[in-house]
Each structure stands twice: as C-alpha cells, then as structure tokens.
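Shown next, in structure tokens, is the structure this report addresses.
Number of protein chains: 2
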Amino acid sequence: MKIALAQINPTVGDFAGNVQKILDYAARAAESGAALVVFPELSVCGYPPADFLEKKDFVARAGSAIEEIAAWTAESGRPAILCGTVMPTGLEVGKQVRNVAALLSGGGVQFVQQKMLLPFYDVFDEQRYFEPAVSQGLTIVDGQPLAITVCEDAWNDKGFWPRQMYAVDPVDELMRQWDAQSSEQAAKPRLILNISASPFWTGKPVVRQKMLAAIATRQNATVVMVNQVGGNDSLVFDGSSIAIAPNGTVLARAAGFAEDLVVFDTEAEASVASTEDDVAAMWKALVLGTRDYVRKCGFSKVLVGLSGGIDSALVAAIAVEALGAENVLGVGMPSEYSSLGSIDDARKLAKNLGVRFELLPIHDVFAQYKGVLEPLFAGTPFGLAEENLQSRIRGGLLMALSNKFGSLVLTTGNKSEMAVGYCTLYGDMVGALAVIGDVMKTKVYALSHYANRVREMIPRATIEKPPSAELRPEQRDTDSLPPYDVLDPILEAYVERYCSAEQIAAEQGVNVSLVRQVLQLVERSEYKRQQAAPVLKVTQKSFGMGRRFPIAVKVQL
Amino acid sequence: MKIALAQINPTVGDFAGNVQKILDYAARAAESGAALVVFPELSVCGYPPADFLEKKDFVARAGSAIEEIAAWTAESGRPAILCGTVMPTGLEVGKQVRNVAALLSGGGVQFVQQKMLLPFYDVFDEQRYFEPAVSQGLTIVDGQPLAITVCEDAWNDKGFWPRQMYAVDPVDELMRQWDAQSSEQAAKPRLILNISASPFWTGKPVVRQKMLAAIATRQNATVVMVNQVGGNDSLVFDGSSIAIAPNGTVLARAAGFAEDLVVFDTEAEASVASTEDDVAAMWKALVLGTRDYVRKCGFSKVLVGLSGGIDSALVAAIAVEALGAENVLGVGMPSEYSSLGSIDDARKLAKNLGVRFELLPIHDVFAQYKGVLEPLFAGTPFGLAEENLQSRIRGGLLMALSNKFGSLVLTTGNKSEMAVGYCTLYGDMVGALAVIGDVMKTKVYALSHYANRVREMIPRATIEKPPSAELRPEQRDTDSLPPYDVLDPILEAYVERYCSAEQIAAEQGVNVSLVRQVLQLVERSEYKRQQAAPVLKVTQKSFGMGRRFPIAVKVQL
C-alpha cells in the first residue's frame, strides 16, 4: 500500500488557506499513486489554536472545511485523506470539542478517531479544551486495517518510558483489538498511523524516532508519524515525519524544518538519510521560527539593533537566512560607552551579511534625558537608572523605525541573560520575537561558529572579545555574573531541570552560596520575562507559556 | 459546634510566614472556643503556586510545614485545624502531587481529602499539576461528622448550573455516603466544609453565595466555605468566606477583601450584613490587588504618570488608598501637544490626593530623538512613529525614576484600550502592574465617581472632558474609535463572551462592518497584550493567563 506523508505548514485560523494546501498536497499524492494521504494533527485549523477552540464559529468553520476536503475524495481513484481537525462533542457534560483524526474517502467522513491522551504539561493545555476519547477502533482503507492515533496517544509506551504519565496506552489497546479481530484481518501487516503536532526541542527528533522504533518493534507493526512543520509564535514544529518498519528501520523520512511530501510503499525496502546534528537542527529551528513568525504576522522586513556583540550578530545572521538580506536592516546605536571596535564590528557584520546598516548615535538623546531628570537625580551616582536609560533609548529608536517603516524588531537577548535578568525591560528586550531567548550564551557561540561554517559571517573579533553590555566605562558581563561556562550549567539545572541549590552545588562542584546568588537573580527577574517577546523554543524548558511562575512570591532557595 | 473561618492572606512560597499566620489565627480561634479552625485551599503554600508545584523541594517544604502545624494541635483542648496543602501522590503513574484538605488534630494528620474536580479553564491550570481524587470519605471532629471538599468540588451542583463541567458531583456523593452511615451518625446535622481559593470577578461573591445556598437547601446541610483573601499577581481573592444554614440563611460571613477570623456556632441563629455592590467590590479588589502586588514584590512606593486624563487619575486614587499618599509619586510629562488644562488637571489631582507631583516636560528629548531620526525620517509625514515616540519617552522617564528610587511604575491603560490596541507598547504600557487593565472605559467613569464618593479626589474637569491621548494636535479618542458607549459593549461581547461579528451586530443593533473593524483591531493587537504588565482581574474574562490566543494567525471575522 502506498501512503503519502503530507507534512504541511498550516496557519492557525486560516481555514481557506489550510484547505487549499491540503487539497494541493492530496492532488500531488494522487499523482504518485498513493492510496492514503496523511496530514498532521489539527492541520485543518493549525496548531496550537489555543482559546480559538472556545469559539463556536471557529469550530463551525472547521466543520465546513472538513466537508470541503471530504468532497474532493468523492471522485473515484482518488486517495483517502487522513487529517486532523476539531469537532464538537455534542455531549451534555464536559468539554465541548474533541481533537480528532478524520478519515475522508468516497466524498464523506468514513471514520473518526478522537484523541485519547491529552497532554497538559510544559506548553500543552489540551485538557483545557478537549474531551478525551473513551474508546478507539480500527478502520480499513483499501483492504488494509489501520490503527489510528493522535500525537500524545503514542507517547505512553511502557517499554520506552521509565514512568507513565497516563494509565492507558492507546497503541497497546488498539493492537489488542487487532489481535481479537477475525483471522483474515489479523493476518494483514500491522499498521499504526500517528498524526502529530509535536513541537521541536533540541534532540527531540532523535527521541521521537527511537520511541517510534521501540513501538514498531514491540508491536511488530509499521509505524507512520506525520508531524506538522512550521513556526507558530514560540513553537517551531520540525516536521521530521517518518515511517518505521517492524524491524525498526526507517522506511521513509520527510524533511526537517520544511514542508514535504513523501510517498512510500509499506511493502518495499528503503534506505533513508539520517537526521542532522543538534546545532544544525537548532539553527534551522530558529531560522524557520523567525521566518514563519514574521510571515504569519503579515510582515516581511525586520530590524536588528547591532551592538557589535555576538548575540545581535547571531540574530542578524539568522534573520538573513530566514528572510533574505534585503529584508534586514541593522542599526548601530553607539553611546559614549561604546568602544570604537564595537561599531567597526557591527559594520563589518552588516557587510558580511550584505544588509543595510544605519548608525544612530544616542549621546544627544541621552544627554537630553539626563537634563530633564537632573532636578530629581542631582547628587545621585551614575547607576542602573542611567545604564538602563541608554538601552531604552535604543529600544525607542528601533520602535520608531518599526512604526515608520512597517518592519518588526527582533530581540537579541539570550537565555542566560533572560534567566538572570541581565537585560533591560523596554530596552534591549524590545521586539516582536526573542529569536535566541531559549539559547544559553555558551550555545550562542556554537551557533555562531555554525553561522560561519561556509565563510565568515559573524566577525572573528565579535566572537573572540569578552562579552560586555557597554553601558558604563570598561564594563564586562563578568563584573556582575560568573563566567558563562560556570553560569550556564547552573541555569540549565535550575531553569530546565528544577534542581535545588544544594543539588546544583553538589552536581557541579560550585559553592552553594554562589549558586544561591544566581538562583536569586532568576527568581527576581520573573517580572521581566513575563513582559518579554515570545521566545522561540528550542529546549525542553524555555521561558514563556511552558514555564509558569508567579511574580509576587517569597521563595526560599 | 463552634467553627472558626480563618480567612488569611498567604504569600506564595513563604512557608515560614504562612505557617506563622496559620498558627496565629489558630491561637485566636482557640481563645474563642472553636473546636475546628478552617483555612483556605493551599493556604500552607499560597495560591496559585503554579509551576513551583513541579519542584520537589517545594512539595517537601509543604510537608514540613504541615508537620509543624500538626504539632501545634498536640496540646489538649486546642482546636482541630483544617487547612489546604499540597502532598505527593506516591503513584507510579500520573501527576506527582495532589491538592488536599488536611485535618490536623492531636498532633498529627487525622484525615486527608484530596481534591476531586480540578478546574482547567480561564486562569485555572490544575490538571497540569494535580492528580484528582478517585474517592472521598467522611471524617469526624468532636463527634460531628464532616463532609470535606476542596473549592471546585462544590462547583458542579446539578440543581444550580444549567450545564455540568464534570460527570461527578463530589458533594452529592459525600451526602450519599452520609445517608449510608449508621443511623446514629446519620442523625447528626449535616455539615459540608469547603476550603477555597476562588478568585474574584465582579458579581462572583453573589454567585458563590447563591450556589452555596442552593447546595445547603438541596442537601439539607450547613455549608461552610473558607476562601483565601489577597492579591497574587493578576488574581485578587475576595475572601467573603461564609456559612449558610440548611434553610439558606447566612450564619456567618467574613469580610470582603481583608483578612478575617469569624467564629460561629453551628447550632445558633445569626444575623449577618449583606455584601457590597459591584462598583464598591471592584474598587476594593483593585485596591487590594495593587497593595498586595507591591507589598509581596517587596516594594512600598509607586510612580504614576499623570496625563490629566481619567485613567491615570483613577489609578493614582487607587494607589493612594492601597499604599498611602506618601508612597505615591505623580509625574506629569507634557509634550507640545498636551493642553494646558491637562497639566492643571494633573496638578489638581495630585493636590486632592495629597501626593507629590513632579513635572518632567518631554519637548526637548522628543526634539533630540527627531533630530537623530531625521536622516531616515526626512520627507515622511508626522504619524504613528512620532505619536508613539512621545509615549515611549514618558515610559523611559518613569522607568528611570523607578530604577533610581526603587519604586514600581503602575500602568494606567484601561481594558477598552488594551482590547483595541489604543496604547503604546513600551510607552504607556510600561509598568509592573496594569491596575485597571480589566476595567472598560465606561466602568472607569463609574469607579471615578466612586473615588469621589466622600469628596472630590478626581477633578471634575478630568471626568468631564472628552478622552484624548494628546499625541498630536486636537486629538480625540473618537478620531480613531467609536464612542465608548458603543465600543465597550462590542468589546465585552467579543472579548468576554466570544460572540461572532454577526451576533454582536444583531444583539446591539450596530452595523456589522463597524463591528468587524473593531474586532480586527482586537485581533491585531494580541502581540501588545502578550507583553503587557499583569492585569488585575475583575471580570470573568480578563487579558492575561485566562485568555490564551496565538499572535501569528489569520482569522476570519
């Protein structure tokens, strides 16, 4: 049986556009002789639709969209379509909608499998919206029985995970039904389909493949997983759709971080390329996330404040790959504390990347601000207020350019800074998207080397000089913070793994009082993160919707 | 039996402080001869603890805290304590913690009732954290059987709600157990206890009382509900703890919006004051929310930018009641487009409120900014960029004062503005807390009149003049928006009730194209709201955690 993996990039709420895309891919799959085309979870409405699911007209539009797609399958010889959508439950008690895989053929809805396991952790809120399935069933396409599951339904395998999140394993249950069927059907090759909207984090494509291979071998089945691709606010879906044979080998694999249509034969052997390494995947995720956020917000151009430092350089390099050099404007905004080298580095970066560069010095605005504040500030020493003011003047200039010319500002702060609050709210935190807000400083270096893999994009001087905010004379990040190779592992343990101060000190051989100082900084800057631009998620635990902490608290560290 | 309703204001994470408070209230209850003291849901750790619940050391601290409280009950003659806390589930599958009511007496934990219904809508994420109870039981204190429930467990009554959210009604189930008991116990007066952390919205105290009275009469039981009080980020808990007799009359009521200890006798008659009206309750919620946010963040002083308009005037008046006039600084920041009347109005407001007032004109900074931008802006007309720039200069000045003098900035935008995006990100949206971000403009007037109930605090001229942002000559809000008495009902229908454009047009007799224009503004400004300061919630649907919409979408209106 020929199955097409239709790995598409839908837009949330764009039913007309999503239906058109689904029909285009279905037509291409038909040309390849596929008997079944599989689309991602909720591909009709886009994922994650969030509270749009609570709007009746949104759910009604999904219903019309499914009818339109089903109508396409009426013509004889066309493949069946399996796609994800939202449907009303019609129940008197409980949630009003369900997340389903709808099998469309012969012009109608042939079968519907409701999602059984609804994730409610990290970035997932599915129990907020959906009523879970209470039962499952097998269906048949082209004489072939199919076990259909939706995303999380495949993520509770007892053989793979040391701890189960849910009491039920829907895959296992379906396979038991299979075995209970009449011998004729049961003799057919076992086929498990999974439609997904599984967001990326670094390393996840490998975990996903291992998990699916474990299911394939344990269940003696071919497993086909079709994942959404594309950026949606903070989340980047990597695609990486895959088909795995009962012996664990990969039968088919769609692209990472791009739309793709892959047709494979369940009966044929295949040899398939392997996945990319972590740094390359992280780079691609950031590029796709940036491109889609800008595009899906209806923009094409972006602004990046270039300080001459490595963070803004990396963001500019990502923006150029995502949007083209002609759509990126670099803005240097030196103050009296900026080194000459910094301006040169920023200009060189712009030249390397081929982007336009403008210089808007902030000395005079800064002086004028200080003049206005003088009656109140007189007699106080130069301090945080004056440092932040410079950063906020830069934010104001970038936003003025954004408003005047209709381009989005990209925020350049990294995860280490956001963690400890080494960033200025309404200053360098200004922007529509925090491109590297989930990338620790030590990883910023790795990505910068990756950016330079073909030729120098980010100037060597930028990579090699000691990090500095340049908001007062001779400032260095290490004046306020431990070196990043000490800081980042502490932050990773606290922010991503929720270790205690004692655990971190023991694990990393660092003084516990230093650890506590760092954790105190993390706790005290929660208010900044809650006003941050959306952060592109590339780790298992990023700042934003997946990490929910209150601000007005008193925490013992 | 004498029961004490101990309506306390805990701080999230402050185990030492919360335990001390619980023991203080328990001691006072003991003096009043209470046999049982009831504290709110999760009062040991504070509500909502959010992702702190995923930290093992947080849960461990809650365990030590309960031991400390239980130890207090060892001494003979002391009352039993019922309080809310978090405990590990110890399960191999599923969520690792449970939300419980713990009954402490004789120095130990006598009984634990796990919460059965876990809300997961609006601001609630409880299924993210907790494993629900699978069973319930009655317990006995002082020979009196008790049916113990936790918050949401009492919110699924079939007789009260037209639609059930959950299949089970825990109160009903417990009463069936009661009836199944031996005749001796069953003959005792029925007593249902509910420990809550039920956040305020306008009208909710009345709904809550009606719902509890419906349960009391239907179950022929005395219902005792003890609710948390205090502000925690966006949420304000109104307290309003209550005891209701089987005939529906109120036996005891604790204060609204303040800590309280009320002791009542289940056998005695009582006459109890009624609740306050909606505007008074909303005012008190905003005052408490502001006071607690500032205090629990470790601050005492605030800054308010005073434009001479009604929004900033109202916020200043709330701040003065919350924190005292000596802790509020009003800052006027006129530009060339500010009317003379505005500065006079701001000054008069400051005088009425007794707060210090400083004038920081922004003309010169604005001119300097325009000078820096001139090479890029030359030939373009004065527009949004220049308007927003003025607002951002003001934001920069307020933040400079905040950084220099260690005070929090209060944001002054109202809900109508936040809904349509008639506000400047990093400009007037700057601040630690959006005090009236859940108050529509038409309600701003009602609250301003309330602020003037004793004597004029908000100047009459401020209330009577047509609203204007004063960012260009002769600007009026009505240049860009429909009048607020037309706009607000459209926004209320769309933002709070999720009506479609057609429904709104029909319901309100407004042209559907005007409605669509407004809804378009709402959809296009989601990015601003996601970077807004926490908004004090005073309606059923406020901006923030309880309303989750993606940004990069394409929505048909």
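So the sequences go chain by chain: H and G.
FYI, the numbering for the first sequence is 4 to 560, going by my numbering.
FYI, the numbering for the second sequence is 4 to 560, going by my numbering.
For each residue, glycine too, the CB sits at the ideal point set by N, CA and C.
Every value quoted in this text rests on a predicted model; they were computed, and no experiment measured them.
CA nearest to the CA of residue i, picked from the options
| i | options | result |
| --- | --- | --- |
| residue 433 of chain G | G/111, G/454, G/396 and G/459 | G/396 |
| residue 400 of chain H | G/207, G/377 and G/440 | G/377 |
| residue 379 of chain H | G/271, G/404 and G/358 | G/404 |
| residue 320 of chain H | H/336, H/287 and H/344 | H/287 |
| residue 11 of chain G | G/295, G/253 and G/415 | G/295 |
| residue 50 of chain H | H/89, H/148 and H/37 | H/89 |
| residue 455 of chain H | H/411, H/552, H/283 and H/481 | H/283 |
| residue 3 of chain H | H/279, H/338, H/406 and H/301 | Chain H is shown only over 4 to 560; residue 3 of chain H falls outside these bounds and no answer can be derived. |
| residue 208 of chain G | G/516, G/243, G/337 and G/23 | G/243 |
| residue 69 of chain H | H/140, H/79, H/57 and H/83 | H/83 |
| residue 81 of chain G | G/240, G/33, G/123 and G/250 | G/33 |
| residue 17 of chain H | H/9, H/52, H/5 and H/334 | H/52 |
| residue 62 of chain G | H/189, H/501 and H/291 | H/501 |
| residue 218 of chain H | H/259, H/131 and H/150 | H/150 |
| residue 277 of chain G | G/202, G/256, G/36 and G/15 | G/256 |
| residue 324 of chain H | H/40, H/235 and H/356 | H/356 |
Distance CB(residue i)-CB(residue j) smaller than 8 Å
| i | j | result |
| --- | --- | --- |
| residue 199 of chain H | residue 228 of chain H | yes |
| residue 170 of chain G | residue 97 of chain H | yes |
| residue 414 of chain H | residue 450 of chain H | no |
| residue 367 of chain H | residue 443 of chain H | no |
| residue 541 of chain G | residue 264 of chain G | no |
| residue 424 of chain G | residue 398 of chain G | no |
| residue 310 of chain G | residue 326 of chain G | no |
| residue 515 of chain H | residue 493 of chain H | no |
| residue 42 of chain G | residue 87 of chain G | yes |
| residue 358 of chain H | residue 333 of chain H | yes |
| residue 6 of chain G | residue 267 of chain G | yes |
| residue 2 of chain H | residue 181 of chain H | For residue 2 of chain H there is no data in the structure shown, the boundaries of chain H being 4 and 560. |
Cutoff 7 Å; reference residue i; Cβ partners in own chain excluding five residues on either side
| i | result |
| --- | --- |
| residue 522 of chain H | 497, 504 and 560 |
| residue 390 of chain G | 474 and 475 |
| residue 342 of chain H | 473 |
| residue 339 of chain H | 366 |
Amino acids of chain H, ordered along the chain, whose beta-carbon sits closer than 9 Å to that of residue i
| i | result |
| --- | --- |
| residue 12 of chain G | The contacting residues do not exist; residue 12 of chain G stays about 12 Å from chain H at best. |
| residue 388 of chain G | 402, 403, 404, 405, 406, 407 and 408 |
Partner residues on chain G for residue i, Cβ-Cβ distance less than 8 Å
| i | result |
| --- | --- |
| residue 478 of chain H | Going along chain G, no residue has its Cβ under 8 Å from residue 478 of chain H, so there is no contact; the nearest lies around 16 Å. |
| residue 383 of chain H | 407 |
| residue 534 of chain H | 534, 535 and 536 |
| residue 375 of chain H | 363, 364, 365, 367, 368 and 400 |
Under 7 Å from the C-beta of residue i: neighbouring residues of chain G
| i | result |
| --- | --- |
| residue 17 of chain H | 557 |
| residue 361 of chain H | 379 |
Proximal residues of chain H, C-beta to C-beta of residue i below 7 Å
| i | result |
| --- | --- |
| residue 57 of chain G | 501 |
| residue 392 of chain G | 399 and 403 |
| residue 435 of chain G | 530 |
Amino acids of chain H, ordered along the chain, whose beta-carbon sits closer than 8 Å to that of residue i
| i | result |
| --- | --- |
| residue 300 of chain G | 530, 554 and 555 |
| residue 53 of chain G | 551, 552 and 553 |
| residue 69 of chain G | Chain H residues near residue 69 of chain G: none, gap ~16 Å exceeds 8 Å. |
6 Å Cβ shell around residue i - same chain, five flanking residues per side excluded
| i | result |
| --- | --- |
| residue 545 of chain H | 441 and 538 |
| residue 71 of chain G | 22 |
| residue 164 of chain G | none |
Where residue i meets chain G, residues with beta-carbon distance less than 9 Å
| i | result |
| --- | --- |
| residue 296 of chain H | 554 and 555 |
Own chain partners of residue i with C-beta closer than 8 Å, once the 5 adjacent residues on each side are dropped
| i | result |
| --- | --- |
| residue 479 of chain G | 469, 470 and 471 |
| residue 129 of chain G | 102, 118, 121, 122, 123 and 155 |
Query raised in the report: What residues in the stretch 234-248 of chain G have a beta carbon less than 8 Å from any beta carbon of chain H?
Result: Taking a C-beta cut-off of 8 Å against chain H, the contacting residues of the stretch 234-248 of chain G are 234, 235 and 236, listed in chain order.
(message) Using a Cβ-Cβ cutoff of 7 Å, what residues of the stretch 519-531 of chain G are near chain H? List them in chain order.
(response) Using a CB distance below 7 Å, the part of the stretch 519-531 of chain G facing chain H consists of 530, ordered along the chain.
Check: Just by C-beta distance, which residues in the stretch 166-188 of chain H are closer than 8 Å to chain A?
Finding: Any reference to chain A falls outside this structure, whose protein chains are H and G.
Item to complete: Would you list, in chain order, the members of the stretch 340-369 of chain H that have their beta-carbon closer than 8 Å to a beta-carbon of chain G?
Response: For the stretch 340-369 of chain H, residues whose beta-carbon sits nearer than 8 Å to a beta-carbon of chain G comprise 361, 363, 364, 365, 367 and 368.
Interface positions of the stretch 95-111 of chain H facing chain G (Cβ-Cβ less than 9 Å), listed along the chain:
Taking 9 Å as the Cβ-Cβ cut-off against chain G, the residues of the stretch 95-111 of chain H that qualify are 95, 96, 97 and 98.
Within 9 Å of chain G by C-beta, residues of the stretch 299-321 of chain H in sequence order | Taking 9 Å as the Cβ-Cβ cut-off against chain G, the residues of the stretch 299-321 of chain H that qualify are 299, 300 and 301.
* Asked: Using a Cβ cut-off of 8 Å, which residues of the stretch 128-144 of chain H contact any Cβ in chain G, in chain order?
  -> Going along the stretch 128-144 of chain H in chain order, one finds 128, 130 and 131 with a Cβ nearer than 8 Å to chain G.
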